[in-house]
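Numbering (the numbering used here), first residue to last: 394 to 670.
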């Protein structure tokens, strides 16, 4: 149990990037393109901080419902832009220990994840009922949880860094740290997502689904999160080709399971544009 709690408490994006780099370098060669989706969009941005991966990425970025790096989420807050509560994992009613997982539940999935193109949808079902049926069917295939650090490092929560450090140090003290974890190495990596560079890009594309409320405002498109993000990157990369595509279909954040073949074909066309000479 101690090791389980410790692993959840130090599951930083920097740690995940180490695993991602190991997979990429071990199994691929030549140019690469990392596609960010949702919380994992941070990894694509962090990869540009690694000199080996940056050299192979060639200044390209593709995000599918990815949003931007955490530094932009905080910038939106400072500039008074509205911050939409993220769907997918219900926020805790009160702060809980860092090692406690955030659970994915139907009410949170009903906000932008459950739509009428879901393969389990039946006529007359509400968004909540779709979410309930989907999560029940998925329960045997995937765990419906997320480590707290994944959301903390993907939002405007940089001010929580001291609390995170205290949680990690308290857990190490309670367990006696039999793993020999170097706490300074962990704390140095915390919130690395808030310090990624925004320059040096050549071609960037963000794609969103019409009913993905986390990323697209169908009623007022210019107030969408992705519009703000693309504009900020365009300002930092004035010579780059920056594009934003909204798939005008009743897809949600889960478009890759709602219309998988069609979305794959559409993204294939985007990739061809990104990698052309």
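Note that CB positions come from ideal geometry on N, CA and C, so glycine has one too.
Under a Cβ-count criterion, where at least 16 other Cβ atoms within 10 Å of its own Cβ denotes burial, should residue i be classed as buried or exposed?
i	result
residue 490	exposed
residue 615	exposed
residue 530	exposed
residue 575	exposed
residue 601	buried
residue 472	exposed
residue 394	exposed
residue 410	buried
residue 655	exposed
residue 464	buried
residue 519	exposed
residue 606	buried
residue 399	buried
residue 461	buried
residue 572	exposed
residue 660	buried
residue 500	exposed
residue 445	exposed
residue 416	exposed
residue 420	exposed
residue 563	exposed
If you follow the beta strand (DSSP E) that residue i is in, where does it begin and where does it stop?
i	result
residue 429	428-430
residue 601	596-602
residue 457	453-457
residue 638	634-640
If you follow the alpha helix (DSSP H) that residue i is part of, which residue opens it and which one closes it?
i	result
residue 537	Looking at the DSSP string, residue 537 is not in any alpha helix (DSSP H), and its letter there is neither H nor E.
residue 425	From DSSP, residue 425 is part of no alpha helix (DSSP H); its letter is neither H nor E.
residue 406	406-420
residue 622	618-629
residue 521	520-531
residue 403	Neither: residue 403 is in no alpha helix (DSSP H) and is coded neither H nor E.
residue 581	576-582
residue 645	Segment: none, residue 645 is in no alpha helix (DSSP H) and carries neither H nor E.
residue 471	463-471
residue 559	554-568
Just to confirm, is the Cβ distance from residue i to residue j under 8 Å?
i	j	result
residue 625	residue 608	no
residue 623	residue 642	no
residue 469	residue 588	no
residue 540	residue 404	yes
residue 560	residue 584	no
residue 503	residue 521	yes
residue 613	residue 508	no
residue 578	residue 630	no
residue 441	residue 590	yes
residue 537	residue 497	yes
residue 447	residue 425	no
For my contact list, residue i and residue j are in at a C-beta cut-off of 8 Å; report their separation, rounded to the angstrom.
i	j	result
residue 674	residue 645	One cannot answer for residue 674 here, as it falls past the ends of the chain, which runs 394 to 670.
residue 598	residue 667	6 Å
residue 414	residue 443	6 Å
residue 408	residue 582	7 Å
residue 406	residue 439	6 Å
(request) Flag this pair as touching only if the stretch 454-463 and the stretch 425-442 have three or more C-beta atom pairs under 8 Å; answer yes or no. (result) yes
(request) Assess, as a yes-or-no matter, whether the stretch 657-667 is touched by the stretch 444-455 under the definition of 3 or more beta carbon pairs within less than 8 Å. (result) yes
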